[in-house]
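Numbering (UniProt numbering), first residue to last: 1 to 468.
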């Protein structure tokens, strides 16, 4: 049985800021079912310190972690949950703060975390076959682990969840933070700076990303964010494995956030729509199609397309519920929509997991026209909650949303190819027509119910990579 150590900056149910936490929380559980011995190592953030989980942890070891010329205190705590051992790196100076990211010393914080992971692997009696690192925050761990091999025969896997965020820092940090000889500087340097993602891509034994299409896209200049040449040089070692969904967590039959739980019944789903309409002060009418958006309000999510055509679409008899936060220009745009269409649009700035689930469970269609999307969980959750996704064909959206064909009644959503506002408008208008024809909505619903995006298949692909 392989023993794999996941290294990541967040993981459900302990700490979450985005989809990375969902993957690191659910994939190890799926791997355990495939016979893999999995552990996860995380920073001990302030939010975890003040949670109920802290009282369940036990101390494993205490040691000093070299960070350049300094030695930093490190304590390792652990707890076991559902067959997975979770290790927590305790250093109050770096992690006993509000939030996860956004500090001026984030580079130092996560290079320390990477150094602590490698130091722990030297000191522990546990034997790990694979160190599996995720995103830029553990990019240094993937690189250092490949250079130093802290355990005999250990291999490294590095997963890119979003290539846009790479971990850029001044090149002086190499000597100040990384305890490596200058012969390794070139592996970390990129365009005159240190780049943690580049270092991981350069050094890891295998690189994965979170969908087949995204693995191809990031080899091109448009999607590669400047790292396409580095990835091209390693393309034989790059694999795409689409993310799965924790179907036990996202289960409309058991979801306590919903007003009415359901499995297959569109009539029960309709009750959720009426309840949400009433809660938000929208016209309570089950015949009006409800469109949902749950997203970060940033350009990546295709919001510029929405801005160009949404006023025109809202002249139809439709309703829209939006949940998210992000860049000010998009927040102001959606709030202005609410002012101009008070009987049709409701916008909530911020994020609430229970409210997000109510939107998925109540909406008939889910709008997700991303400029790029490594995998995306929104469309998977929408399908699970029988809200037909309307997406652009990019990354994981292309791999998971099958365009509906009204002639043979196949497909679990709607999609368009080009990043073009009128193509999006065309699909929105098409969805409105489908909504008025019961046979098509019943077919869409049946196809969504038949879609299987549980982690099992993806977990087996990871097992095959570990065996390599």
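A virtual CB, placed ideally from N, CA and C, is assigned to each residue, including glycine.
Beta-carbon proximity of residue 28 to residue 211, cut-off 9 Å: Start at 1 with the first residue of the chain shown, and residue 28 comes out as number 28. Start at 1 with the first residue of the chain shown, and residue 211 comes out as number 211. Their beta carbons are not under 9 Å apart, which means residue 28 does not touch residue 211 by this criterion.
Cβ-based neighbour list, residue 10, same chain, cut-off 8 Å, excluding 5 preceding and 5 following: As a working note, residue 10 is residue 10 in the chain shown. Around residue 10: 16, 17, 18, 20, 21, 24, 42, 100.
Touch test, the region 247 to 263 against the region 307 to 324, Cβ-Cβ under 8 Å, three pairs minimum: no
For residue 389, the residue or residues it bridges with in DSSP: For the purposes of this step, residue 389 is taken as the residue at position 389 of the chain shown. BP columns for residue 389 point to 366.
Contacting residues, own chain, Cβ-Cβ under 7 Å from residue 283 (five flanking each side not counted): On the chain shown, position 283 is the one that residue 283 refers to. So the list reads 277, 343, once near-sequence residues are dropped.
Contiguous beta strand (DSSP E) assignments of at least 3 residues, all confined to the region 172 to 196: 193 to 195
Residues that residue 416 bridges to, as DSSP identifies them: To locate residue 416, count along the chain shown from 1; it is residue 416. Bridge partners of residue 416: 392.
Nonlocal neighbours in the same chain, by C-beta distance under 8 Å from residue 37, ignoring five residues either side: Counting from one through the chain shown, the residue named residue 37 turns up at place 37. Cβ neighbours of residue 37 beyond the five flanking positions: 1, 2, 3, 4.
Nearest to residue 82 (by Cα), restricted to the options 167, 26, 113, 186: Here residue 82 refers to the residue found at position 82 of the chain shown. Checked all of 167, 26, 113, 186; the closest Cα to residue 82 is 26.
Beta-bridge pairing of residue 64 - partner residues as DSSP gives them: Position 64 of the chain shown holds residue 64. Answer is 73.
Cα-Cα separation, residue 64 to residue 71: Along the chain shown, read from residue 1 onward, the residue named residue 64 stands at position 64. Along the chain shown, read from residue 1 onward, the residue named residue 71 stands at position 71. Going from the Cα of residue 64 to the Cα of residue 71 covers about 6 Å.
Residue burial classification, residue 125 (beta-carbon count within 10 angstroms, cutoff 16): In the chain shown, residue 125 corresponds to position 125, counting from 1. Residue 125 is exposed by the Cβ-count criterion.
Three-state secondary structure assigned by DSSP to residue 445: For the purposes of this step, residue 445 is identified with residue 445 of the chain shown, where counting begins at 1. In this structure, residue 445 counts as helix in the three-state DSSP scheme.
Local Cβ density within 10 Å of residue 297, reported as buried at 16 or more and exposed below that: Residue mapping note: residue 297 aligns to position 297 of the chain shown, counting from 1. With 16 or more other Cβ atoms within 10 Å, it is buried.
Residue from 199, 171, 176 whose Cα sits closest to the Cα of residue 192: One-based indexing of the chain shown puts residue 192 at position 192. Closest by alpha carbon: 171.
Residue 220, buried or exposed, once every other Cβ within 10 Å from all chains shown has been counted against 16: Numbered from 1 along the chain shown, position 220 holds the residue referred to as residue 220. Its Cβ having fewer than 16 others within 10 Å, residue 220 is exposed.
Proximity below 9 Å, CB of residue 131 to CB of residue 459: Position 131 of the chain shown, counting from 1, holds the residue named residue 131. Position 459 of the chain shown, counting from 1, holds the residue named residue 459. If you check the CB distance, residue 131 and residue 459 do not come in under 9 Å.
Pairwise C-alpha distance: residue 52 and residue 7: Locating residue 7 in the chain shown gives position 7, counting from the first residue. Locating residue 52 in the chain shown gives position 52, counting from the first residue. Cα to Cα, the separation comes out at about 22 Å.
Which listed residue (264, 414, 353, 423) has its alpha carbon closest to that of residue 366: As a first step, residue 366 must be located in the chain shown, where it is residue number 366. Selected option, being the one with the closest Cα: 414.
Reference residue 152, options 139, 123, 137, closest by Cα: As a working mapping, residue 152 is identified with position 152 in the chain shown. The shortest C-alpha separation from residue 152 is found at 123.
Cut-off 8 Å between Cβ atoms - residues of its own chain near residue 472, not counting five sequence neighbours on either side: This structure does not reach residue 472, given that the chain is present from 1 up to 468, and the question cannot be answered.
C-beta atoms of residue 427 and residue 370 nearer than 9 Å: What you label residue 427 is simply residue 427 of the chain shown in a count that begins at 1. What you label residue 370 is simply residue 370 of the chain shown in a count that begins at 1. No, the pair does not count as a contact, with Cβ atoms beyond the cut-off.
Closer than 8 Å: residue 182 CB and nearest the ligand COA heavy atom: No copy of the ligand COA occurs in the structure displayed, which carries no ligand at all.
Spatial neighbours of residue 142 in its chain, beta-carbon cut-off 6 Å, leaving aside the 5 residues before and after: The count along the chain shown starts at 1 and reaches residue 142 at position 142. Closer than 6 Å at Cβ, skipping near neighbours: 133, 156, 158, 200, 204.
Nearest to residue 115 (by Cα), restricted to the options 304, 79, 180: Taking the first residue of the chain shown as 1, we reach residue 115 at position 115. It is 180.
Residue 291 burial status per 10 Å Cβ neighbour count (16 or more: buried): Translated into positions along the chain shown, residue 291 becomes position 291. With 16 or more Cβ atoms within 10 Å of its Cβ, residue 291 is classed as buried.
Pick from 166, 96, 409, 69 that is closest to residue 49, judged by C-alpha positions: As a position in the chain shown, residue 49 is number 49, starting the count at 1. The shortest Cα separation from residue 49 among 166, 96, 409, 69 belongs to 96.
Reduced DSSP secondary structure (H/G/I, E/B, other) of residue 6: Taking the chain shown and counting its residues from 1, one reaches residue 6 at position 6. The answer is strand: DSSP assigns residue 6 an E or B state.
Alpha carbon of residue 271 to alpha carbon of residue 333, nearest angstrom: Looking up residue 271 in the chain shown gives position 271. Looking up residue 333 in the chain shown gives position 333. So the two alpha carbons sit approximately 30 Å from each other.
Opening and closing residue of the beta strand (DSSP E) in which residue 319 lies: Here the question's residue 319 lines up with position 319 in the chain shown. It spans 319 to 324 - the beta strand (DSSP E) in which residue 319 sits, taken as one unbroken run.
CA-to-CA distance, residue 218 to residue 227, given in whole angstroms: For the purposes of this step, residue 227 is identified with residue 227 of the chain shown, where counting begins at 1. For the purposes of this step, residue 218 is identified with residue 218 of the chain shown, where counting begins at 1. Roughly 8 Å between the two C-alpha positions.
DSSP bridge partner residues for residue 129 (one or two, in chain order): Along the chain shown, one-based indexing puts residue 129 at 129. Partner(s): none; residue 129 has no beta bridge.
Reduced DSSP category for residue 372 - H, G, I as helix; E, B as strand; rest coil: Walking along the chain shown from the start, residue 372 turns up at place 372. Of the three classes helix, strand and coil, the one that applies to residue 372 here is coil, per DSSP.
For residue 42, the residue or residues it bridges with in DSSP: The count along the chain shown starts at 1 and reaches residue 42 at position 42. Beta-bridge pairing links residue 42 to 88.
Whether residue 381 touches residue 401 by CB criterion (9 Å): Locating residue 381 in the chain shown gives position 381, where the first residue counts as 1. Locating residue 401 in the chain shown gives position 401, where the first residue counts as 1. If you check the CB distance, residue 381 and residue 401 do not come in under 9 Å.
Endpoints, the beta strand (DSSP E) within which residue 292 is located: For the purposes of this step, residue 292 is identified with residue 292 of the chain shown, where counting begins at 1. Its beta strand (DSSP E) spans residues 290 to 294.
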